[in-house]
Amino acid sequence: MTAFTALLLRDMRLATRVGGGALMGALFYFVVVSMIPFAIGPDLNLLSRIGPAVLWIGALLASLLALDRLFASDHDDGSLDLLTMSALPLEMTVAAKAIAHWLTTALPLIVITPVLGLMLNVEMTAMGYVALTLLAGTPALTFIGLIGAALSVTLRRGGLLMAILVLPLTVPVLIFGVAAANAAIVGPAPFGPPFTILCALSLASFVLGPFAAAAALRQGQE
Amino acid sequence: MALIDLANPTRFLALVNRVLPWLAGLTVIVFAYALYRVAYAPDDYQQGATVKIMFLHVPAAWLAMMGWGLMTVAAFGTLVWRHPLADVAAKATAPIGAAFTFICLVTGSLWGRPMWGTYWVWDARLTSVLVLFLLYLGMLALYWTADDPNRSARAAAILALVGAINIPIIKFSVDWWNTLHQPASVLRMGGSAIDPSILWPLLIMALAFTLLFFTLQLAAMRNEILRRRVRSMRMMQAAAA
Chain A
1 MTAFTALLLR DMRLATRVGG GALMGALFYF VVVSMIPFAI GPDLNLLSRI
51 GPAVLWIGAL LASLLALDRL FASDHDDGSL DLLTMSALPL EMTVAAKAIA
101 HWLTTALPLI VITPVLGLML NVEMTAMGYV ALTLLAGTPA LTFIGLIGAA
151 LSVTLRRGGL LMAILVLPLT VPVLIFGVAA ANAAIVGPAP FGPPFTILCA
201 LSLASFVLGP FAAAAALRQG QE
Chain B
1001 MALIDLANPT RFLALVNRVL PWLAGLTVIV FAYALYRVAY APDDYQQGAT
1051 VKIMFLHVPA AWLAMMGWGL MTVAAFGTLV WRHPLADVAA KATAPIGAAF
1101 TFICLVTGSL WGRPMWGTYW VWDARLTSVL VLFLLYLGML ALYWTADDPN
1151 RSARAAAILA LVGAINIPII KFSVDWWNTL HQPASVLRMG GSAIDPSILW
1201 PLLIMALAFT LLFFTLQLAA MRNEILRRRV RSMRMMQAAA A
């Protein structure tokens, strides 16, 4: 077993066992989305029209909520120093941690999305498309958030700062995610272009995110 | 004098102290001339006198973008060459760039009320400038949170580089999302679409704004260097006590 998979499995185990809080993000997502109808009223037509956007905002906030613990607990107990000094390049280390984080927090969000879609009166086929855009877009959110998590880990008031730094950078993901979902549901624009751009954003942040995050962690160690 | 000679803050301060009064004086003169030209520029046949807002709006928008460009260059200076003044430059640019972005947003909003009938629309250009403003605020927040300037330097540099990659993406994504703002008309294929009677005052005003930017920038860099000296002196004093 390589160091990469070992780290991946360690992080997933830590997240899923007692005190890990892997399902906390999904729970937060569920609560936030259920709050929306209380604010805007129980109009089912309106809810079905804005449903995809509400689900995307919920997923964005939920993935951001869990991100500030990505490096913080390792930094607190000192294991981040050991990870930095290991033979595995720091870029691969942060990539492993980010993938583990996506599997334990973003994937549960996508799994419960159809249930929430029912509550927002979004049709079943449309729900599939929203879940598909979330599947393609949440890696970008995780890997952009990774940079913010690495930047704020050594600074005080990290959690709030991270939201301020990361949210403006996620604008394109939000735009193309919701555009693809709406294109699939109401048209008339085709589903393909925004969806492929969403995939491209995920792939690009998958490549660039670990490098920027590793550089940020290195400066924090000095 | 090479860039590396300026790595010594004392030499840099000496240079700034020599240049700054001249630069400030030149800024005042060019601004006065620009305002005179703007005052006598003809009204637009459609927009009337509101076209005057454009003379503040467009240079502010240019400099708002230049500010982030300057921070990106400074980020390279911090990360690659470890130039000691690069972070001072970046830290000085952040509030100035944010201020110019804010001027751009406010003037655009005041112009939008009579012309578009609303202070704010969720249009592509407005939105991308708004996101630029949010990024500037994030940068300021990063500097506020860090208690040690050496530590915040590279964190800010990384954020500046990530922002520099992301700003064009944000711009294109919001362009596709929704647009109402007029397309580029000063710099474009086939020459400028603006009449010379308005274009020249605009360019002079842009020069005045640029001079103002660099005057503020140098003054802010000088203040930042002095602030850091005061900080280290206080720490030495506290250590000695």
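Line order of the protein sequences matches chains A and B.
Taking the working numbering, the leading residue of the first sequence gets 1, the next gets one more, and so forth.
Taking the working numbering, the leading residue of the second sequence gets 1001, the next gets one more, and so forth.
In this text, a Cβ means the ideal position worked out from N, Cα and C, and glycines have one as well.
Every value quoted in this text rests on a predicted model; they were computed, and no experiment measured them.
Can you check which of these residues, B:V1088, B:D1043, B:L1056, is closest to B:P1009 by C-alpha distance?
The residue with the shortest Cα to Cα distance from B:P1009 is B:V1088.
At which residues does the alpha helix (DSSP H) containing A:P42 begin and terminate?
For A:P42, no alpha helix (DSSP H) segment is defined, and its DSSP state is neither H nor E.
I'd like the span of the alpha helix (DSSP H) that includes B:A1086, first residue to last.
B:A1086 -> alpha helix (DSSP H) spans 1086 to 1116.
With three or more C-beta pairs closer than 8 Å as the rule, is the region 171 to 179 of chain A touching the region 1011 to 1022 of chain B?
No, the region 1011 to 1022 of chain B does not touch the region 171 to 179 of chain A.
Looking at chain C, is there any beta carbon in it that lies within less than 9 Å of the beta carbon of A:P172?
No chain C appears in this structure, whose protein chains are A and B.
Cα separation between A:D77 and A:L83?
C-alpha separation (whole angstroms): 12 Å.
To which residues of the same chain is B:F1055 closer than 7 Å at the C-beta, ignoring the five residues directly before and after it?
Cβ-Cβ distances below 7 Å link B:F1055 to V1038, P1201, L1202, M1205 in the same chain, with the five nearest sequence neighbours on each side left out; the list follows chain order.
In this structure, how does DSSP classify B:Y1136 when only helix, strand and coil are distinguished?
In the structure shown, B:Y1136 falls within a helical segment according to DSSP collapsed to helix, strand and coil.
Under the assumption that A:S63 contacts A:M119 (Cβ atoms under 8 Å), give the Cβ distance between them as a whole number of angstroms.
Rounded, the Cβ-Cβ distance is 20 Å, inconsistent with contact.
DSSP state of A:S86, grouped into three classes?
Three-state result, A:S86: coil.
Rounded to the nearest angstrom, how far is the Cβ of A:A140 from that of A:S205, given a contact under 8 Å?
Correct: roughly 5 Å between the Cβ atoms.
Are the C-beta atoms of A:S79 and some chain B residue less than 9 Å apart?
No, its Cβ sits nowhere closer than 9 Å to a Cβ of chain B.
Would A:I40 pass as an interface residue toward chain B - the criterion being a Cβ-Cβ separation below 9 Å?
No Cβ of chain B is located within less than 9 Å of the beta carbon of A:I40.
Less than 8 Å between the CB atoms is what I'm expecting for B:A1157 and B:A1146, so what's the real figure, rounded?
So it is not a contact: roughly 12 Å between Cβ atoms.
Tell me which residue opens and which closes the alpha helix (DSSP H) that A:D11 is part of.
3 to 16 is the span of the alpha helix (DSSP H), which, as asked, contains A:D11.
Nearest to B:V1129 (by Cα), restricted to the options B:S1173, B:L1211, B:R1231
For the options B:S1173, B:L1211, B:R1231, the alpha carbon positioned closest to that of B:V1129 is the one of B:S1173.
Hey, A:F191 and A:A200 are a contact pair by Cβ (cut 8 Å); roughly how many whole angstroms apart?
In fact, because the Cβ distance is near 15 Å, the residues do not count as touching under 8 Å.
Under 9 Å, Cβ to Cβ, is there at least one residue of chain A near B:V1121?
Answer no: the Cβ-Cβ gap between B:V1121 and chain A never drops below 9 Å.
Can you find a C-beta in chain A that's less than 9 Å from the C-beta of B:R1231?
Cβ-Cβ to chain A under 9 Å: no for B:R1231.
Check whether the region 96 to 116 of chain A touches the region 132 to 150 of chain A, taking contact to mean three or more Cβ pairs, one atom from each stretch, closer than 8 Å.
Enough Cβ pairs lie closer than 8 Å, so yes.
Mapping DSSP to helix, strand and coil, what is B:H1083?
The DSSP-derived three-state label of B:H1083 is coil.
Where B:N1223 sits in the DSSP three-state scheme:
Correct three-state label for B:N1223: helix.
Could you round the C-beta distance between A:F71 and A:L60 to whole angstroms and report it? I think they count as a contact, below 8 Å.
Contact between A:F71 and A:L60 is ruled out by a C-beta separation of about 20 Å, above the 8 Å threshold.
DSSP three-state assignment for A:T170, whether helix, strand or coil:
If DSSP states are grouped into helix, strand and coil, A:T170 belongs with coil.
Tell me which residue opens and which closes the alpha helix (DSSP H) that B:N1017 is part of.
Unbroken alpha helix (DSSP H) run through B:N1017: 1009 to 1039.
Counting only beta-carbon atoms, is A:P210 nearer than 9 Å to chain B?
No, A:P210 lies away from the interface with chain B (no Cβ there is under 9 Å from its Cβ).
With a CB to CB cut of under 6 Å and the five nearest residues on each side skipped, what residues in its chain are close to A:R17?
Hits under 6 Å: none found.
Looking at B:I1053: is its Cβ nearer than 9 Å to the Cβ of B:T1107?
Contact flag set, yes.
Quick one: grab the DSSP three-state call for A:A53.
Helix.
Using only alpha-carbon positions, find the residue among A:S202, A:A180, A:L203, A:V186 that is nearest to A:P193.
Among A:S202, A:A180, A:L203, A:V186, the Cα nearest to that of A:P193 belongs to A:A180.
For a contact meaning CB atoms closer than 8 Å, what does B:I1169 contact in chain A?
Those are P172, L201, listed as they occur along chain A.
Specify the secondary structure class of A:F191 as computed by DSSP and reduced to three states.
Coil, per DSSP.
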